[in-house]
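Numbers in this note's numbering are just positions in the sequence shown, counted from 1, shifted up by 1.
The beta-carbon is built from N, C-alpha and C at its ideal position, and this holds for glycine as well.
Here is the structure we will look at.
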Amino acid sequence: MKSSEAWRNTLAQVPEDPAVQVVMGRGGKPTLRIGEVFLHSQYNPEQEAQRLVDSAELDPRRPVLVIGLGLGYHVQELLRRGHEVAVAEPNPAVARAALESTLRDTAFPLIVEDVPSSLATAEFKSFAAQIPQILVHPPTARVAEEAVRTITGQLACAILGAQHLSIAVVGPMYGGSLPMTEYIASGFRKLGHRVTVVDNSAAWGLYEAMTGSIRARAASAQMGQMLANIIAEWSYARVVEVDPEFCLVMAQAPVGPQFPERLRRRGISTAFWYVENWRHLPYWQQIAPLYDSFFHIQPGEFERKLEEAGCRNHAFIQTGCDPDRHRAVTLTAHEMKDYGCDLSFAGAGYYNRLQFFKGLTDYDFKIWGVGWKERELSRLVAGGERRFDNEEFMKMVAGSKINLNLHSSNASPGVDPECDAINPRVFEIAAAGGFQICDACKGLAQHFDLETELPVYRNLAEARSLIDRYLSDDAGRQEVARRARVRALNHHTYAHRAQVMLDHVFTRHGAFMLKRGVRVQRTVGEMAERISDIPLKAWLRKLPKDVLFLQEALMPFIVKSGPGLSVPEKLFVYMNEVREFAQALLKEKR
């Protein structure tokens, strides 16, 4: 980003574009025409600029980043009102025309055409740190729609990507997306954002008890809907209380169709992560168009269906692994008796698994989970049918020489040749250092090398061949597992997924988010460089640099008892006690 004065000499070398013409308007003021489109009023461009700025409802305390220069009447109006202004113009010929005519005596920072090279400049970073509002010049957007969309996305992404946001993640009451709620929240935290998990799992017991206590199906459903409405309001209230910049709703979360619109009216950008198979659960049709962004795990046909349903801002976001939870564990001798085996499977007994696994009963095979009532398989169910948590799953992975992965299907008797929804187990087993063989689900080759990291099978014969091969090759198993683990940790963590989500949101909805603004949150490392207080600076430099400079984030690093507390630590302890006392008083008043 350079000053308009610095651009004048550069732009003087730009060839004139015959399609870009400065013409005298009917009101006596010059205007700009590109082809058949006028970029300003032919009668009163200054009044038109006033109306544009009025309608934008800009915060007078914050800078404005204008996309589209035209002849700059709107830029002059913003400067007249006291705004700090920078401009990005996609067409060098337009910038030249403006700087040689109406803006020849006006100074402002300017980006012309090549946005990426400007993002790294100190001038842009300084301007971006002030969280500018974005104002798109509508006529420029009409004549250069794609260029304006791209530039707006690039600039918004750069501005917001440098900030630590407040993010809310709304979880379900129950189901497979429940653990993923905390996984993706952890991913956002690792990127430096402040995350609030709206945990609805506490409501599941009540929901089951209320609906299960009524025999009449219609009355039970009505009671369930009433309770769901209450939980939806509870979820909304908790999000609003935090007032985040961005809210991610997980699949099966108990929120209604009005939820995203209500948040949007408050300036909160929304997204939904549909970690379900669209063919099995069709509720996506009603909700996909309602959210600013709709994330899913099945590229291809589903994306065409989403377009048909009116959902334009969708993106493929695969599930992943959480290195803090999906990790290698060492089993005790006693645990090895419980979990040790040649072959294992952990999950539910879907139809295809019941049929397929009957062909593997001659192996040292252990199964964990529910739904395994088939006579041939029931004897293989370790510890009886029951659900298990992630900690136990990690022990299953560690105890098994071969972790079997077979994607679920209620239609196919074995491997589903049309399967295109990769399950989280693929990434979780890999991150935990387990060796796995997997059915050839579509898309796996985009994530792992199917020869050296994730061997796949297409039928029972191929599965048995892989099992026999790798049971006799300890070194081979260990090398494949090592490679898969490196791949998972380097490319497939929930922090990676969280970043892809935010890039999508910033690129498409960054201007909306910047209209409201972002509450600046700094890290310990940033504050240590900014402050002059020597004792506080010295203490902060002892802490991890990426920790947010927030009371609740700093308290875990303070030992609250003993005489050895530094002055900064004592102050934070005192402030925390004051806050806790105030909160207690507020509870008493209620």
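Rounded separation between residue i and residue j - CA only
i      : j      : result
Arg354 : Ala219 : 34 Å
Ala20  : Arg34  : 8 Å
Ile468 : Met224 : 50 Å
Leu161 : Glu375 : 54 Å
Ala482 : Lys191 : 25 Å
Pro414 : Tyr352 : 7 Å
His138 : Cys248 : 28 Å
Leu80  : Phe507 : 27 Å
Leu207 : Gln356 : 36 Å
Gly71  : Leu40  : 6 Å
Ala446 : Ala159 : 31 Å
Glu262 : His505 : 19 Å
Leu66  : Glu90  : 11 Å
Phe573 : Arg580 : 10 Å
Gly36  : Pro140 : 12 Å
Val15  : Ala98  : 10 Å
Ile68  : Pro173 : 40 Å
Ser466 : His335 : 31 Å
Leu451 : Glu480 : 13 Å
Ser379 : Leu461 : 20 Å
Val149 : Asp474 : 57 Å
Glu146 : Asn92  : 12 Å
Ser410 : Lys359 : 16 Å
Trp373 : Gly350 : 5 Å
Neighbourhood of residue i by C-beta, 7 Å cutoff - its chain only, sequence neighbours within 5 removed
i      : result
Asn391 : Pro180 and Arg326
Asn404 : Ser345, Val398, Ile430, Gly435, Phe436 and Gln437
Leu490 : Pro324 and Ala432
Phe428 : Thr320, Gly321, Cys322, Ala489 and His493
Nearest residue (CA-CA) to residue i, options the options
i      : options                           : result
Thr494 : Gly321, Pro16 and Ala148          : Gly321
Phe273 : Ala316, Arg239, Pro300 and His281 : Ala316
Tyr74  : Ala50, Pro64 and Leu59            : Ala50
Leu361 : Leu407, Glu429 and Pro110         : Leu407
Glu101 : Gln22, Glu147, Asp293 and Arg63   : Gln22
Arg488 : Lys516, Leu515 and Glu454         : Glu454
Asp534 : Val521, Val501, Val568 and Val519 : Val568
Lys443 : Glu452, Asp421, Val427 and Thr153 : Asp421
Asp547 : Gln43, Glu527 and Leu53           : Glu527
Phe346 : Ile430, Thr271 and Phe189         : Ile430
Glu592 : Asp106, Ser4 and Glu17            : Residue 592 cannot be examined here, being either before or after the span of the chain that is shown, 2 to 591.
Leu541 : Ala585, Lys516 and Ala529         : Ala529
Glu553 : Leu53, Arg195, Glu183 and Gly384  : Arg195
Ile423 : Lys516, Pro300, Gln253 and Gln500 : Pro300
Glu58  : Met2, His84 and Leu555            : His84
Ser281 : Asp475, Ser118 and Ala412         : The residue asked about is misnamed: residue 281 is His in this sequence, not Ser. That would be Ala412, whose Cα lies nearest to the Cα of His281.
Thr333 : Gly400, Arg105 and Met576         : Gly400
Glu17  : Ala94, Pro46, Val88 and Gly477    : Ala94
Phe303 : Glu377, Ala349 and Glu419         : Glu419
Ala229 : Asp244, Thr212 and Val501         : Thr212
His383 : Phe389, Phe394 and Ile368         : Rather than His, the amino acid found at residue 383 in this sequence is Ala. It is Ile368 whose Cα lies nearest to the Cα of Ala383.
Gln500 : Thr331, Gly193 and Pro245         : Gly193
Same chain, Cβ closer than 6 Å to residue i, five either side skipped, listed in chain order
i      : result
Asp339 : none
Leu544 : Val525 and Phe558
Ser236 : Val171, Val199 and Val256
Ala289 : Phe295, Leu307, Ala310 and Cys312
Gln226 : none
Nonlocal neighbours in the same chain, by C-beta distance under 8 Å from residue i, ignoring five residues either side
i      : result
Ala163 : Lys126, Ala129 and Ala130
Trp8   : Ala96, Leu100, Leu111 and Val113
Tyr44  : Gly26, Arg27 and Gly28
8 Å contact criterion, which residue i and residue j should meet: CB distance rounded
i      : j      : result
Ala433 : Arg328 : 6 Å
Pro283 : Asn201 : About 22 Å; that fails the 8 Å criterion.
Val86  : Phe109 : 5 Å
Gly518 : Arg63  : 6 Å
Arg498 : Ile298 : Actually they are not in contact, since the Cβ atoms of Arg498 and Ile298 sit about 10 Å apart, beyond 8 Å.
Asp343 : Lys396 : The pair is not a contact, with the Cβ atoms about 16 Å apart (cut-off 8 Å).
Ser187 : Asp323 : 6 Å
Ala485 : Ala157 : Their Cβ separation, rounded to whole angstroms, is 36 Å, which puts Ala485 and Ala157 out of contact at 8 Å.
Thr153 : Ile135 : 6 Å
Arg470 : Val416 : Incorrect: roughly 18 Å between the Cβ atoms, too far for contact.
Beta-bridge pairing of residue i - partner residues as DSSP gives them
i      : result
Asn230 : Answer by DSSP bridge pairing: none, since Asn230 is not bridged.
Glu90  : Val113
Phe247 : Ile168 and Ser270
Asp440 : Tyr458
Thr494 : Cys322
Ser4   : Pro110
Lys543 : Lys543 pairs with nothing; no bridge assigned.
Ile403 : Leu344
Residue i CB to nearest heavy atom of the ligand ADP below 8 Å
i      : result
Ala289 : This structure does not include the ligand ADP; it has no bound ligands of any sort.
Test: residue i CB closer than 9 Å to a CB of chain C
i      : result
Leu136 : Considering every chain present, this structure includes no chain C. It has just one protein chain.
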